[in-house]
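Asker: Before anything else, here's the structure in question.
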Amino acid sequence: MRDSTLENTLDDQPPFLTWRALHIIVALSLVIEIAAFAALRWIYR
Amino acid sequence: MSNLDWIVLCGTLAAIVGFGVWRTRGAHDMSRYLRGGNQESWLTIGLSVMATQASAVTFLSMPGQAYQDGMRFIQFYFGLPLATIVISIVFIPRYFQARVFTAYEFLEARFDRKTRQLTAFLFLLQRGLSAGITIYAPSIIVSSVLGWPFRLTCLCIGAIVIVYTIVGGARAVSQTQKQQMVIMLAGMAAAFVVIVWRLPADVTVGKALRVAGALGKLDALDFSTNPNTRYTLWSGLLGGFFLSLAYFGTDQSQVQRYLGARSIGQSRVGLLFNGLLKIPMQALILLVGVMVFVFYQFNLPPVFFNQAELTRAKQTVAAPTIERLEEEHAGTFAKQRVALERFLRATDATDRAAGRRDLQRAVERTATVREEARRTIAAAVPDANTKDSDYIFLSFVMANLPRGMIGLLLVVIFCAAMSAVAGELSALASTTVVDFYRRSIRPQASDAHYVRAAQVFTALWGALALAFAVFASLLDNLIQAVNILGSLFYGTILGIFLLAFFTRRLGANVVCIAAVLAEAIVIAMFGATKISFLWYNVVGCMAVVALATLLHRVTTSAGRA
Chain L
40 MRDSTLENTL DDQPPFLTWR ALHIIVALSL VIEIAAFAAL RWIYR
Chain E
45 MSNLDWIVLC GTLAAIVGFG VWRTRGAHDM SRYLRGGNQE SWLTIGLSVM
95 ATQASAVTFL SMPGQAYQDG MRFIQFYFGL PLATIVISIV FIPRYFQARV
145 FTAYEFLEAR FDRKTRQLTA FLFLLQRGLS AGITIYAPSI IVSSVLGWPF
195 RLTCLCIGAI VIVYTIVGGA RAVSQTQKQQ MVIMLAGMAA AFVVIVWRLP
245 ADVTVGKALR VAGALGKLDA LDFSTNPNTR YTLWSGLLGG FFLSLAYFGT
295 DQSQVQRYLG ARSIGQSRVG LLFNGLLKIP MQALILLVGV MVFVFYQFNL
345 PPVFFNQAEL TRAKQTVAAP TIERLEEEHA GTFAKQRVAL ERFLRATDAT
395 DRAAGRRDLQ RAVERTATVR EEARRTIAAA VPDANTKDSD YIFLSFVMAN
445 LPRGMIGLLL VVIFCAAMSA VAGELSALAS TTVVDFYRRS IRPQASDAHY
495 VRAAQVFTAL WGALALAFAV FASLLDNLIQ AVNILGSLFY GTILGIFLLA
545 FFTRRLGANV VCIAAVLAEA IVIAMFGATK ISFLWYNVVG CMAVVALATL
595 LHRVTTSAGR A
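First to last, the protein sequences are chains L and E.
According to our numbering, the first sequence is numbered sequentially starting from 40.
According to our numbering, the second sequence is numbered sequentially starting from 45.
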């Protein structure tokens with residue numbers, strides 16, 4: 040079903056970093072964001 | 045609205061739609077029309093995924109919600125980044141390798157046709173109805189605040205979307221969504237700056253946050269373990285994770301966005317980009333609402349933000365009561381201002397604590413008057429919409445922002461509505477064509493025939509959504525039902541997909557029976573308990589997996605015996 044041009048691009052490589060690094064960055068961002076919301080409440084309580 | 049606002053509004057919308065149609069002209073084969081020809085970069089994928097999820101209600105209602113309840117709604121999104129990681133690893137490679145046009149197509153390869161069409165039907169049911177709400181909700185607010193005719197507003201939003209979605213298909217949707225999302229983000233950032241600028245000269249961002257914090261508007265985290273509390277850290281992390289997994293992983297309106305990527309890698313990065321940016325974006329929108337709240341601590345707000353309903357109530361016998369409440373509201377507000385000044389002048393911790401208590405009491409008194417006004421309006425005009433939080437942000441924009449900014453924020457609202465509706469219509473049409481028309485009605489037709497069929501179905505779904513939007517006000521209970529419909533089905537659908545991904549021996553019949561039983565459990569939960577809807581996604585998914593496994597074991601051992 041897919042056109043032939045796509046066959047050559049099924050490389051599964053991220054354009055930067057590695058998959059593991061990208062996944063860790065996204066997971067860490069959540070931890071940092073939750074910590075930031077806790078800090079915001081504490082600083083301006 | 046000034047001429048400048050009209051120019052900004054009409055010029056920007058025309059430019060975005062014109063550019064989208066021009067860039068995507070001539071999409072005459074199925075791959076290009078339904079999947080954008082697999083040409084999109086990760087940035088386009090990421091922005092269009094965000095734009096599909098962000099409806100106009102996001103920009104109209106969320107600031108109002110932050111005004112009333114503070115930042116706690118942000119917890120709803122805590123499961124999203126984790127879900128994008130799982131989808132990036134598990135879902136996307138499987139969809140690409142199976143070479144599907146729709147997510148449901150994958151289910152036939154693993155189970156059978158009825159499993160595929162059952163889930164596709166559930167998607168069409170919930171998304172078909174919610175497309176109407178996506179047009180209706182902003183139209184009712186915008187038409188009420190701006191005094192535009194309601195049906196004309198629905199038509200303006202709906203007709204433009206239907207035209208460019210028919211002409212350019214999935215690529216036109218993604219290309220316009222990219223521009224629309226950039227404008228939405230820039231518009232809300234500009235709104236934040238302008239609101240801070242409109243605060244009194246001696247009130248810095250720090251002072252504004254101190255006021256918001258003292259009045260509980262920065263309490264984003266709720267550690268309560270009560271399952272009836274709608275937004276908590278736990279329901280956000282776990283319930284939000286399952287909801288996001290179902291929405292981004294199995295809802296064709298999202299799957300279609302990342303299937304248009306030029307490679308698996310671009311698709312995965314686009315989704316992870318969404319996981320990274322979603323919470324900061326929603327926090328910005330909520331913070332805009334918090335700043336509007338702070339603005340109205342220094343400036344007298346209306347006693348009721350939905351001016352149209354307030355005016356209607358003033359034309360009844362309740363007029364003297366409302367006028368008295370308006371005077372009382374102005375009086376309590378003046379006292380609140382004094383308490384606010386004292387709080388801001390406090391230099392040591394003791395003074396600050398006393399000032400905070402006085403301010404909180406003063407704000408409670410003003411809120412009591414507002415609540416009395418709401419009850420008076422409800423009694424005077426029985427069919428009135430007395431939930432005015434949806435009207436706070438737009439009323440603020442119209443009354444307080446400079447010329448040009450009003451037009452820009454209306455562009456934000458229209459872009460949000462159009463991007464969400466376009467994503468929905470394109471997904472509805474592709475599912476109808478691929479999972480029903482091509483699979484069961486005309487299996488051997490040409491590519492050009494299926495593109496024409498997709499165009500016809502886009503027009504039909506668009507017309508249905510418009511009709512639903514126009515007549516939705518007559519069906520108030522239906523609107524509430526549609527709003528919860530998604531969460532009633534998402535858990536079950538996700539469970540079916542997880543079984544398809546991770547099991548090899550389970551048969552289609554066992555999965556279908558488990559899905560029906562799990563759905564019955566979720567509907568019983570909805571009818572009999574007050575558990576937050578976020579937990580339905582967890583229960584539905586777990587129930588399908590557990591029941592299917594159990595049934596498989598029972599039938600296998602019965603077969604052996």
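Glycine included, every Cβ here is placed at the ideal spot set by N, Cα and C.
Does any residue of chain L have a CB that is nearer than 9 Å to the CB of Asp263/E?
Answerer: With 9 Å as the cut-off, Asp263/E counts as an interface residue toward chain L.
Asker: Thinking just about the alpha-carbon of each residue, which of Leu452/E, Ala602/E, Trp579/E and Leu320/E is nearest to the one in Val70/L?
Answerer: When only C-alpha atoms are compared, the closest one is Leu320/E.
Asker: Under a Cβ-count criterion, where at least 16 other Cβ atoms within 10 Å of its own Cβ denotes burial, should Ser43/L be classed as buried or exposed?
Answerer: Model confidence at Ser43/L stands at a pLDDT of 42, short of 50, so the residue's coordinates are unreliable; what they give is reported in the following sentence. Result: exposed.
Asker: Is the beta carbon of Arg405/E less than 9 Å from the beta carbon of Ala383/E?
Answerer: Contact flag set, yes.
Asker: Give me the chain E residues within the contact set of Arg59/L, using Cβ-Cβ distance strictly less than 8 Å, ordered along the chain.
Answerer: Simply none; closest approach about 10 Å.
Asker: Consider the Cβ of Trp278/E: report whether some Cβ of chain L lies at a distance smaller than 9 Å.
Answerer: Cβ-Cβ to chain L under 9 Å: no for Trp278/E.
Asker: Going straight from the alpha carbon of Asn47/L to that of Arg76/E, what length do you get?
Answerer: Bear in mind that the predicted position of Asn47/L carries a pLDDT of just 41, short of 50, making it unreliable; the figure below should be weighed with that in mind. Rounded to the nearest angstrom, the two C-alpha atoms are 17 Å apart.
Asker: Since Leu61/L and Leu262/E should fall inside the 8 Å C-beta cutoff, what is the C-beta to C-beta distance between them, to a whole number of angstroms?
Answerer: So it is not a contact: roughly 31 Å between Cβ atoms.
Asker: Quick check on Ala492/E: buried or exposed, where buried means 16 or more other Cβ atoms within 10 Å of its Cβ?
Answerer: By the neighbour-count rule (16 or more Cβ atoms within 10 Å), Ala492/E is not buried but exposed.
Asker: Cutting at 6 Å between CB atoms, please list the residues of its own chain near Gln221/E, excluding the five before and the five after it.
Answerer: Closer than 6 Å at the Cβ level, and outside the excluded window around Gln221/E, lie Ser92, Ala95 and Ser463.
Asker: Taking beta-carbon pairs under 8 Å, can you tell me which members of the region 110 to 129 of chain E lie near chain L?
Answerer: Those residues of the region 110 to 129 of chain E that come within reach of chain L (Cβ to Cβ, closer than 8 Å) are Met115, Ile118, Phe122, Pro125, Leu126, Thr128 and Ile129.
Asker: Mind checking Leu49/L: buried by the 16 CB within 10 Å criterion, or exposed?
Answerer: Since pLDDT at Leu49/L reaches only 48, below the 50 mark, its modelled position is unreliable, and the value read off the structure follows with that caveat. By the neighbour-count rule (16 or more Cβ atoms within 10 Å), Leu49/L is not buried but exposed.
Asker: Less than 9 Å between the beta carbons of Ile329/E and Phe103/E, yes or no?
Answerer: Cβ distance < 9 Å, so Ile329/E and Phe103/E count as in contact.
Asker: Check this for me: beta carbons of Ile323/E and Tyr121/E, under 9 Å apart or not?
Answerer: Yes, the pair counts as a contact, with Cβ atoms nearer than the cut-off.
Asker: By the 8 Å beta-carbon criterion, what residues does the region 243 to 267 of chain E contribute toward chain L?
Answerer: The residues in question are Leu253, Arg254, Ala256, Gly257, Ala258, Leu262, Asp263, Ala264 and Leu265.
Asker: Whose CA, out of Arg195/E, Leu454/E and His72/E, lies closest to the CA of Ala513/E?
Answerer: Selected option, being the one with the closest Cα: Arg195/E.
Asker: Using alpha carbons as the reference points, say which of Val61/E, Ser470/E, Lys574/E and Arg548/E lies closest to Thr146/E.
Answerer: Of the listed residues, the one whose Cα sits closest to Thr146/E is Ser470/E.
Asker: Assuming contact is defined by CB atoms lying nearer than 9 Å, are Val336/E and Pro125/E in contact in what I supplied?
Answerer: The answer is no: Cβ separation not under 9 Å.
Asker: Check whether the Cβ of Pro324/E lies closer than 9 Å to any Cβ atom in chain L.
Answerer: Pro324/E counts as touching chain L.
Asker: Using a Cβ-Cβ distance cut-off of 9 Å, determine whether Val313/E contacts chain L.
Answerer: True, the Cβ-Cβ gap to chain L drops below 9 Å.
Asker: Once you ignore the five residues that flank Val583/E on each side, which residues in its own chain have a CB closer than 7 Å to its CB?
Answerer: Closer than 7 Å at the Cβ level, and outside the excluded window around Val583/E, lie Gly535, Ile565, Val566 and Met569.
Asker: Find the residues of chain E that neighbour Ala74/L, judging by a C-beta separation of less than 9 Å, and give them in chain order.
Answerer: Correct list: empty, because the minimum Cβ distance to chain E is about 10 Å.
Asker: Quick check: Ala498/E and Ala466/E, are their CB atoms within less than 9 Å of each other?
Answerer: No, the pair does not count as a contact, with Cβ atoms beyond the cut-off.
Asker: Taking DSSP as the reference, what is the three-state secondary structure of Leu56/L?
Answerer: Reduced to three states, the DSSP call for Leu56/L is coil.
Asker: Quick one: which residues of the region 204 to 217 of chain E get their C-beta closer than 7 Å to a C-beta of chain L? List them in chain order.
Answerer: The residues in question: there are none.
Asker: Any residues in the region 397 to 429 of chain E with a beta carbon nearer than 7 Å to a beta carbon of chain L? Which ones, in chain order?
Answerer: Answer in chain order: no residues at all.
Asker: Identify the continuous alpha helix (DSSP H) that holds Asn444/E and give its terminal residues.
Answerer: First-last of the alpha helix (DSSP H) with Asn444/E: Ser433 to Asn444.
Asker: For the putative contact between Asp432/E and Phe349/E, defined by C-beta atoms under 8 Å, what is the C-beta separation to the nearest angstrom?
Answerer: Rounded, the Cβ-Cβ distance is 4 Å, consistent with contact.
Asker: By how many angstroms is the C-alpha of Pro271/E removed from the C-alpha of Ile210/E?
Answerer: Approximately 44 Å between the Cα atoms of the pair.
Asker: Taking only beta-carbon atoms, is Ser132/E less than 9 Å away from chain L?
Answerer: Yes, Ser132/E lies at the interface with chain L (some Cβ there is under 9 Å from its Cβ).
Asker: Would you mind working out which of Ile118/E, Gln112/E, Val598/E and Gly64/E sits nearest Ile73/L, comparing C-alpha positions?
Answerer: Comparing Cα positions, the closest option is Ile118/E.
Asker: Jot down the residue ranges of each uninterrupted beta strand (DSSP E) in the region 341 to 423 of chain E, minimum 3 residues, whole runs only, in chain order.
Answerer: With a minimum length of 3 residues, no continuous beta strand (DSSP E) run stays inside the region 341 to 423 of chain E.
Asker: For the region 570 to 581 of chain E and the region 540 to 551 of chain E, state whether three or more C-beta atom pairs, one from each stretch, are separated by less than 8 Å.
Answerer: Not touching, per the Cβ criterion.
Asker: Beta-carbon separation of Gly114/E and Val334/E under 9 Å?
Answerer: It is a contact, given that the beta carbons lie within the stated cut-off.
Asker: Within 9 Å (strictly less), CB to CB, does Gly90/E reach chain L?
Answerer: Answer no: the Cβ-Cβ gap between Gly90/E and chain L never drops below 9 Å.
Asker: Would you be able to state if there are at least three C-beta pairs under 8 Å between the region 221 to 232 of chain E and the region 79 to 92 of chain E?
Answerer: Judged by Cβ distances under 8 Å, the region 79 to 92 of chain E makes contact with the region 221 to 232 of chain E, as three or more pairs qualify.
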